[in-house]
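Residue numbers (full-length UniProt numbering): 1 to 680.
Report on the following structure.
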Amino acid sequence: DGCGHTVLGPESGTLASINYPQTSPNSTVCEWEIRVKPGQRVQLKFGDFDIDDSDSCHSSYLRVHNGIGPSRTEIGKYCGFGLQMDGFITSKSHEVTVQFMSGTHTAGRGFLAAYSTTDKSDLITCLDNASHFSEPELNKYCPAGCVIPFADISGTIPHGYRDSSSLCMAGIHAGVVSNTLGGQINVVISKGIPYYEGSLANNVTSKVGSLSASLFTFKTSGCYGTLGMESGVISDSQITASSILEWPDQTGQVKIWKPENARLKRVGPPWAAFISDEHQWLQIDLNKEKRITGIVTTGSTLAEHHYYVSAYKILYSDDAQKWTVYKESGMDKDKIFQGNTDLYQEVRNNFIPPILARFFRINPLQWHQKIAMKVELLGCQFSIGRAPKITMPPSPPLKNVDKNDDFSDDFLHSVKTLLQTDKTTFTPEIKNTTVTPSVTKDVALAAVLVPVLVMVFTTLILVLVCAWHWRNRKKKTEGTYDLPYWDRAGWWKGMKQFLPTKSAEHEETPVRYSSNEISHLRPREVPTMLQTESAEYAQPLVGGMVSTLHQRSTFKPEEGKEASYADLDPYNSPIQEVYHAYAEPLPITGPEYATPIIMDMSSHPSTPLGVPSTSTFKAAGNQAPPLVGTYNKLLSRTDSTSSAQALYDTPKGQLGPGTANELVYQVPQSVAQPSGSKNE
Numbered sequence: 001d002g003c004g005h006t007v008l009g010p011e012s013g014t015l016a017s018i019n020y021p022q023t024s025p026n027s028t029v030c031e032w033e034i035r036v037k038p039g040q041r042v043q044l045k046f047g048d049f050d051i052d053d054s055d056s057c058h059s060s061y062l063r064v065h066n067g068i069g070p071s072r073t074e075i076g077k078y079c080g081f082g083l084q085m086d087g088f089i090t091s092k093s094h095e096v097t098v099q100f101m102s103g104t105h106t107a108g109r110g111f112l113a114a115y116s117t118t119d120k121s122d123l124i125t126c127l128d129n130a131s132h133f134s135e136p137e138l139n140k141y142c143p144a145g146c147v148i149p150f151a152d153i154s155g156t157i158p159h160g161y162r163d164s165s166s167l168c169m170a171g172i173h174a175g176v177v178s179n180t181l182g183g184q185i186n187v188v189i190s191k192g193i194p195y196y197e198g199s200l201a202n203n204v205t206s207k208v209g210s211l212s213a214s215l216f217t218f219k220t221s222g223c224y225g226t227l228g229m230e231s232g233v234i235s236d237s238q239i240t241a242s243s244i245l246e247w248p249d250q251t252g253q254v255k256i257w258k259p260e261n262a263r264l265k266r267v268g269p270p271w272a273a274f275i276s277d278e279h280q281w282l283q284i285d286l287n288k289e290k291r292i293t294g295i296v297t298t299g300s301t302l303a304e305h306h307y308y309v310s311a312y313k314i315l316y317s318d319d320a321q322k323w324t325v326y327k328e329s330g331m332d333k334d335k336i337f338q339g340n341t342d343l344y345q346e347v348r349n350n351f352i353p354p355i356l357a358r359f360f361r362i363n364p365l366q367w368h369q370k371i372a373m374k375v376e377l378l379g380c381q382f383s384i385g386r387a388p389k390i391t392m393p394p395s396p397p398l399k400n401v402d403k404n405d406d407f408s409d410d411f412l413h414s415v416k417t418l419l420q421t422d423k424t425t426f427t428p429e430i431k432n433t434t435v436t437p438s439v440t441k442d443v444a445l446a447a448v449l450v451p452v453l454v455m456v457f458t459t460l461i462l463v464l465v466c467a468w469h470w471r472n473r474k475k476k477t478e479g480t481y482d483l484p485y486w487d488r489a490g491w492w493k494g495m496k497q498f499l500p501t502k503s504a505e506h507e508e509t510p511v512r513y514s515s516n517e518i519s520h521l522r523p524r525e526v527p528t529m530l531q532t533e534s535a536e537y538a539q540p541l542v543g544g545m546v547s548t549l550h551q552r553s554t555f556k557p558e559e560g561k562e563a564s565y566a567d568l569d570p571y572n573s574p575i576q577e578v579y580h581a582y583a584e585p586l587p588i589t590g591p592e593y594a595t596p597i598i599m600d601m602s603s604h605p606s607t608p609l610g611v612p613s614t615s616t617f618k619a620a621g622n623q624a625p626p627l628v629g630t631y632n633k634l635l636s637r638t639d640s641t642s643s644a645q646a647l648y649d650t651p652k653g654q655l656g657p658g659t660a661n662e663l664v665y666q667v668p669q670s671v672a673q674p675s676g677s678k679n680e
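Here you go:
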């Protein structure tokens with residue numbers, strides 16, 4: 001009466017004391033007889049050990065024996081609270097007896113242990129979880145019987161399981177190992193997620209879980225894809241049933257819940273049997289033999305019809321005539337699958353080992369109100385490896401005909417044996433469904449070329465943008481009335497050869513021109529009076545035969561004509577070879593333009609006597625004002641009514657209004673005057 005959870009498989013199993021993990025009752029006893037295949041030995045591993053040792057293992061203990069029956073020999077006797085037993089207890093034969101005895105005690109959970117054959121060196125117990133290991137990948141062997149009511153798991157496939165979940169119990173939920181057989185699991189541990197979903201699969205309920213530091217998933221064969229019920233790859237004609245429910249609704253319209261309605265996640269009614277008994281079935285034809293690894297079912301999914309199947313059997317066939325009931329490997333009983341517990345939840349069951357068949361049939365055994373369900377099959381294509389084509393070279397004639405016939409018969413028999421691969425099964429290649437597959441050479445080449453091309457095109461775009469920006473900036477620096485920067489140096493050098501040299505002693509000595517030179521100038525109309533406000537303008541430059549300086553000027557052109565202003569262009573000479581000099585470009589801190597203001601005083605009253613006016617021409621008898629930087633102050637002269645004589649700057653070809661033999665011109669700014677000139 002002291003036996004607790006117990007599953008004894010042919011190669012592994014799990015056993016625990018009664019009432020584990022609670023305190024075991026007093027005065028109980030239990031013996032387990034474990035047998036494996038002859039020639040193998042048994043190893044025992046404890047997941048938890050907590051037995052009262054107050055009387056030095058006299059009344060409460062665990063004893064392990066080699067063999068079974070009276071001839072058994074003791075391996076060891078164990079007791080103690082929280083005893084750490086990390087190693088294995090190994091037998092000397094293929095039979096082991098485990099005896100548990102509990103006397104009078106007030107504490108102690110008892111024990112939980114797992115066993116397997118000694119070739120499973122990576123055996124773990126049902127209590128081990130991912131947090132017990134530090135490796136990013138684990139390859140462990142789970143014993144049979146790890147669906148235990150006192151262990152919890154959180155999560156589902158393919159998202160992963162919380163690190164606090166039992167590795168083996170999660171493996172059963174994921175369909176990687178069987179509860180009745182156990183098996184090898186390959187675990188990958190990665191970073192956790194904030195939320196873990198719950199689901200029911202393989203008679204294991206996964207609970208909703210919260211954020212964890214890490215999670216784990218399983219490497220599998222990858223044969224868990226849907227086979228076409230939901231997607232429609234399986235046509236309506238491939239789905240049949242034993243009977244169909246037909247019934248009129250309140251409006252008198254007949255509703256038919258046909259077999260083709262049994263598609264998972266399809267909106268609307270499911271398939272339902274007309275009669276609810278154990279002889280009903282739903283059949284799916286896959287058109288060819290396929291590897292079927294699982295099934296997912298739901299109820300009616302209609303709130304007003306609370307119908308679902310809670311238990312069923314699976315049958316399969318190659319010809320739809322001879323049917324085989326699914327059994328687990330090594331088991332004699334038919335496998336009964338747990339179905340749905342409500343009409344909405346999806347419940348998954350996996351087939352270990354998988355089913356290889358064309359026709360698949362579901363036989364409901366238990367249901368709620370009526371037999372109604374929607375399904376989807378999981379699996380993959382079952383491809384048979386082709387044997388290489390063998391060509392027989394012509395054999396030389398042999399004298400012994402009987403030997404030749406024997407050789408031909410043996411060869412043909414070997415070829416037939418090689419080609420009969422459809423009757424053999426093989427272990428699928430294990431693929432990692434949680435780790436990124438290895439990158440091929442083409443992908444690696446693309447991974448190198450794509451960044452290089454992106455960098456090249458980015459550099460090209462930047463060069464074009466910079467060139468465009470530099471061009472716009474260059475255009476902005478070339479003002480409408482200014483010379484391009486590449487013309488300024490050459491222009492100034494060309495001007496220097498036509499300008500008088502600058503005197504070191506007399507910086508502002510006026511330039512003298514003889515009357516003969518003036519007489520060659522053509523007449524030009526000169527305003528009688530220039531009147532403007534005092535402003536700092538650059539002195540006009542006096543130049544000669546410069547044939548290339550007529551496109552640009554630092555003087556702003558007239559923007560419009562106004563009344564009483566002279567409609568003349570004093571800078572456009574009819575003689576092409578004679579050009580007027582222009583003012584030197586003004587600095588940035590000065591006024592933007594040097595614009596002379598010319599007024600025709602013929603229609604205006606004369607200026608009162610004694611009131612001086614300003615002009616850019618120098619009056620006789622006055623000293624030239626000194627140069628200030630690159631600016632010259634305007635020279636002032638008296639009006640003709642208050643001065644005996646005024647000299648004007650007169651173009652060549654015509655004498656000015658004065659009677660002097662020579663006219664005085666303003667010295668060009670920043671140009672050296674010959675030392676022989678004198679002031680008038």
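Built from N, CA and C at the ideal position, the CB exists for glycine as well.
CB-CB under 6 Å to Asn179, same chain, minus the five flanking residues each way: which ones, in chain order?
Within the sequence shown, numbered from 1, the residue matching residue 179 stands at position 179. Counting only Cβ-Cβ distances below 6 Å, and skipping sequence neighbours, we find Val147 and Ile172.
Output the residue ranges of the beta strand (DSSP E) runs that lie fully inside the region 124-156 and measure 3 residues or longer, sorted by chain position.
As far as the region 124-156 is concerned, its whole beta strand (DSSP E) runs of at least 3 residues are 137-142.
Any idea which residues DSSP pairs Lys322 with across the strands?
To locate residue 322, count along the sequence shown from 1; it is residue 322. According to DSSP, which records beta bridges pairwise, Lys322 is partnered with nothing at all.
Since Val42 and Pro10 should fall inside the 8 Å C-beta cutoff, what is the C-beta to C-beta distance between them, to a whole number of angstroms?
Counted from its first residue, the sequence shown places residue 42 at position 42. Counted from its first residue, the sequence shown places residue 10 at position 10. Between Pro10 and Val42 the Cβ distance is about 12 Å, and since that is not below 8 Å, they are no contact.
So, at 8 Å on beta carbons, what are the nonlocal neighbours of Ile244 in its own chain, with the 5 sequence-adjacent residues on each side left out?
Here the question's residue 244 lines up with position 244 in the sequence shown. For Ile244, where only same-chain residues beyond five positions count, the Cβ hits under 8 Å are Ile256, Trp257, Lys258, Pro259, Trp271, Ala272, Ala273 and Phe274.
Measuring alpha carbon to alpha carbon, tell me which of Ser235, Ser190, Cys142 and Gly13 ends up nearest Ala170.
In the sequence shown, residue 170 corresponds to position 170, counting from 1. Nearest option by C-alpha distance: Cys142.
Write down the C-beta distance between Pro269 and Leu302 rounded to the nearest angstrom, noting that I regard them as a contact closer than 8 Å.
As a position in the sequence shown, residue 269 is number 269, starting the count at 1. As a position in the sequence shown, residue 302 is number 302, starting the count at 1. Pro269 to Leu302, Cβ: 6 Å. Contact.
Which partner residues does Thr28 have in the DSSP bridge list?
For the purposes of this step, residue 28 is taken as residue 28 along the sequence shown, with counting starting at 1. For Thr28, which the question treats as bridged, DSSP gives the partners Ser102.
How about Gly339 and Ser310: do their beta carbons lie closer than 8 Å?
For the purposes of this step, residue 339 is identified with residue 339 of the sequence shown, where counting begins at 1. For the purposes of this step, residue 310 is identified with residue 310 of the sequence shown, where counting begins at 1. Closer than 8 Å, so yes.
Please classify residue 682: does DSSP put it in a helix, a strand, or coil?
Since the first residue of the chain shown is 1 and the last is 680, residue 682 is not available in this structure.
What residue from Val347, Arg348, Glu346 and Leu315 has the CA that sits closest to Asp334's CA?
Here residue 334 is taken as the residue at index 334 of the sequence shown, counted from 1. For the residues Val347, Arg348, Glu346 and Leu315, the minimum Cα distance to Asp334 belongs to Leu315.
Per the DSSP calculation, His159 is bridged to which residue(s)?
In the sequence shown, residue 159 corresponds to position 159, counting from 1. In DSSP, His159 forms no bridge with anything.
Are the Cβ atoms of Tyr308 and Asp342 separated by less than 8 Å?
Residue mapping note: residue 308 aligns to position 308 of the sequence shown, counting from 1. Residue mapping note: residue 342 aligns to position 342 of the sequence shown, counting from 1. Yes, they are a contact pair.
Taking 6 Å as the limit between beta carbons, can you name the residues of its chain near Met101, skipping five residues before and five after?
To locate residue 101, count along the sequence shown from 1; it is residue 101. So the qualifying residues of the chain are Val29 and Tyr61.
Might you give, ordered along the chain, the residues of its own chain that have their beta carbon closer than 7 Å to the beta carbon of Pro605, omitting 5 neighbours on each side?
In the sequence shown, residue 605 corresponds to position 605, counting from 1. Only weak support exists for where Pro605 lies, its pLDDT of 45 falling under 50; the value from the coordinates is given anyway. Excluding positions up to five away in sequence, the list is empty.
Buried or exposed, going by whether 16 or more other CB atoms sit within 10 Å of the CB of Glu246?
Taking the first residue of the sequence shown as 1, we reach residue 246 at position 246. Glu246 is exposed by the Cβ-count criterion.
Within the region 295-371, note down every full beta strand (DSSP E) run reaching 3 residues or more, in order along the chain.
Entirely contained in the region 295-371, the beta strand (DSSP E) runs reaching 3 residues are, in chain order, 308-317 and 347-368.
Which term fits Cys126, buried or exposed, when burial requires 16 or more other beta carbons within 10 angstroms of its beta carbon?
On the sequence shown, position 126 is the one that residue 126 refers to. Buried: at least 16 other Cβ atoms inside 10 Å.
Within a Cβ cutoff of 6 Å, which residues of the same chain sit near Gly47, ignoring the five residues on either side of it in sequence?
Counted from its first residue, the sequence shown places residue 47 at position 47. Taken in chain order, the residues that qualify are Leu112, Thr125 and Leu127.
By DSSP, does Asp50 sit in helix, in strand, or in coil?
Locating residue 50 in the sequence shown gives position 50, counting from the first residue. Here Asp50 sits in strand by DSSP.
For Trp468, does the count of other Cβ atoms within 10 angstroms reach 16, so buried, or fall short, so exposed?
Working through the sequence shown from its first residue, we reach residue 468 at position 468. By the 10 Å Cβ count, Trp468 comes out exposed.
On the premise that Leu181 lies in contact with Gly330, defined as a C-beta separation below 8 Å, what is that separation, rounded to the nearest angstrom?
The count along the sequence shown starts at 1 and reaches residue 330 at position 330. The count along the sequence shown starts at 1 and reaches residue 181 at position 181. About 7 Å separates the two Cβ atoms, so the contact holds.
Buried or exposed for Gly355, going by 16 or more other Cβ atoms inside 10 Å?
The residue given as residue 355 occupies position 355 in the sequence shown. Note on residue identity: the sequence assigns Ile, not Gly, to residue 355. Per the 10 Å Cβ criterion, buried.
Tell me which same chain residues have a C-beta within less than 6 Å of the C-beta of Thr156, skipping the five on either side of it?
Walking along the sequence shown from the start, residue 156 turns up at place 156. Within the same chain, Thr156 has close Cβ partners Glu197, Ser199 and Ser206.
Would you list the one or two residues that DSSP bridges to His173?
Within the sequence shown, numbered from 1, the residue matching residue 173 stands at position 173. BP columns for His173 are empty, so no partner.
Phe88 and Leu138 - do their beta-carbons sit closer together than 8 Å?
As a first step, residue 138 is located in the sequence shown; it is residue number 138 there, counting from the start. As a first step, residue 88 is located in the sequence shown; it is residue number 88 there, counting from the start. No, Cβ-Cβ distance for Leu138 and Phe88 is not below 8 Å.
If I follow the unbroken beta strand (DSSP E) through Leu8, where does it start and stop?
Position 8 of the sequence shown holds residue 8. Cys3 to Leu8 is the span of the beta strand (DSSP E), which, as asked, contains Leu8.
State the CB to CB distance for the pair Asp53 and Cys79, rounded to an integer number of angstroms; the pair is presumed to be in contact (CB under 8 Å).
As a working note, residue 53 is residue 53 in the sequence shown. As a working note, residue 79 is residue 79 in the sequence shown. The Cβ separation is near 4 Å, so the contact holds.
Within 10 angstroms of its Cβ, does Arg471 collect 16 or more other Cβ (buried), or is it exposed?
Locating residue 471 in the sequence shown gives position 471, counting from the first residue. It counts as exposed.
Give the DSSP bridge partners of Gly76, in chain order.
In the sequence shown, counting from the first residue as 1, residue 76 sits at position 76. For Gly76, which the question treats as bridged, DSSP gives the partners Val64.
Determine the burial state of Glu95: buried for a count of at least 16 other Cβ atoms within 10 Å of its Cβ, exposed for fewer.
In the sequence shown, the residue the question calls residue 95 occupies position 95. The residue in question, Glu95, is buried, as its Cβ has 16 or more Cβ neighbours within 10 Å.
Taking 8 Å as the cut-off, does the region 355-370 touch the region 209-218 (at least 3 CB pairs, one atom from each stretch)?
Because the criterion of three Cβ pairs below 8 Å is not met, the region 209-218 and the region 355-370 do not touch.
How big is the Cα-Cα spacing for Glu346 and Met85?
The residue given as residue 346 occupies position 346 in the sequence shown. The residue given as residue 85 occupies position 85 in the sequence shown. If you take the alpha carbons of Glu346 and Met85, they lie about 41 Å apart.
For a test of the three-state rule: what should DSSP assign to Glu197, helix, strand or coil?
Along the sequence shown, one-based indexing puts residue 197 at 197. Here Glu197 sits in coil by DSSP.
Consult DSSP for Arg471 and reduce its assignment to one of helix, strand or coil.
Counting from 1 along the sequence shown, the entry for residue 471 is found at position 471. Of the three classes helix, strand and coil, the one that applies to Arg471 here is helix, per DSSP.
Where do the N-terminal and C-terminal ends of the beta strand (DSSP E) with Ala114 fall, by residue?
Position 114 of the sequence shown, counted from the first residue, corresponds to residue 114. Taken as a continuous stretch (DSSP letters only), the beta strand (DSSP E) holding Ala114 covers Gly110 to Thr117.
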